[in-house]
Amino acid sequence: MLGIEEYIARRKKEDKLNEFNMDERTQNMKICVDYIFEYFNNYLNSTEAEEKTVLKNEKLEKYHKQLREYDPEVREWAVGLYSEYGKQIHKHIGNIMKENTFFFLYNTDSEFRNASYDCYSQLIKKLPFLKDQAEMLFQLINYHRVESEQQFSYNVPYISEEINTWVEETWAKYHVNLLAFAYNWINYFFNNEDIWPATHRRKSQHTWRKYDYDYKQKSNLFNLDSLYRKMPKKSFIKGAFL
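FYI, in my numbering the residues of the sequence shown are 5 to 246.
The following block contains the structure:
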């Protein structure tokens, strides 16, 4: 965007205006005043609009790249919503799914369908433009697939032959990423001290949190005992925590 002096200099050059020509002094004064009106009434408005358009297109392109792992139809739908409403719908869904403890254990259409209904009921209050978009939300629940595949693309840490085989076979047979489930749970657990048993809390030495977790306890570490009882009954989970 040009400053007013630069704009006037450019317009003078375009019109080949010679301000030192005394014979055209009155006419030149009128032309220069017109330049000022042009600058404020036309140039600034059009330049601002053009810059906003360029910036918006850059944001849309960046968002499109963020969703490159999603199905094309879902990706275009999400980008369209972002263009019109400025909302990145996959992040809203992701935040809700993170609160669903067992989401990364799901592997049936009925489970994903129920998750999409729950997601819709929460989002429609904040994002009313999603009305009648329940089916597309269901399609976007393949967030599960994207997140699971991203988690599994990292090198699986070696824990033991038995556990690593269990993780790999579960992924191969059921397309369930146990590492993604564990990662989601431990993050949720770490950030919610209120669900820690009193026996597992130690007063924290840090000012930014009230308690530290006592990893030396012998039972119900990370609430796994109670977590297991609430888990959906899956063949690949049965007996795993015993």
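Backbone N, C-alpha and C fix where the C-beta goes; we use that ideal spot for every residue, glycine too.
Remember, it's a predicted structure, so these values are computed and weren't measured experimentally.
How is the alpha helix (DSSP H) around residue i delimited, first residue to last?
i: residue 113; result: 113-130
i: residue 38; result: 29-42
i: residue 222; result: No alpha helix (DSSP H) contains residue 222, which DSSP labels as neither H nor E.
i: residue 83; result: 76-89
i: residue 100; result: 93-102
i: residue 17; result: 8-19
i: residue 141; result: 138-144
Of the choices the options, whose alpha-carbon is the least far from that of residue i?
i: residue 192; options: 212, 110, 112, 227; result: 227
i: residue 6; options: 43, 35, 26; result: 43
i: residue 213; options: 222, 229, 221, 194; result: 194
i: residue 98; options: 197, 141, 72; result: 141
Would you decide whether residue i is buried or exposed? Buried here means 16 or more other CB atoms lie within 10 Å of its CB.
i: residue 30; result: exposed
i: residue 9; result: exposed
i: residue 37; result: exposed
i: residue 163; result: exposed
i: residue 169; result: exposed
i: residue 112; result: exposed
i: residue 93; result: buried
i: residue 248; result: The requested residue 248 is not part of the displayed model; the chain covers only 5 to 246.
Where do the ends of the beta strand (DSSP E) carrying residue i lie?
i: residue 216; result: 215-217
Under 8 Å from any heavy atom of the ligand FAD, does the C-beta of residue i make it?
i: residue 224; result: Ligands are entirely absent from the displayed structure, and the ligand FAD is therefore not among its contents.
Counting Cβ pairs, one atom from each stretch, are 3 or more of them under 8 Å apart for the stretch 143-154 and the stretch 116-123? yes
Is it a yes or a no for the stretch 216-224 touching the stretch 188-204, going by three-plus beta-carbon pairs under 8 Å? yes
For a minimum of 3 consecutive residues, which ranges assigned as the beta strand (DSSP E) are wholly contained in the stretch 175-216? 205-207
May I ask you to verify whether the stretch 229-245 touches the stretch 170-182, counting CB pairs closer than 8 Å and requiring at least 3? yes
Determine contact between the stretch 98-108 and the stretch 129-144, defined as no fewer than three beta-carbon pairs at a distance below 8 Å. no
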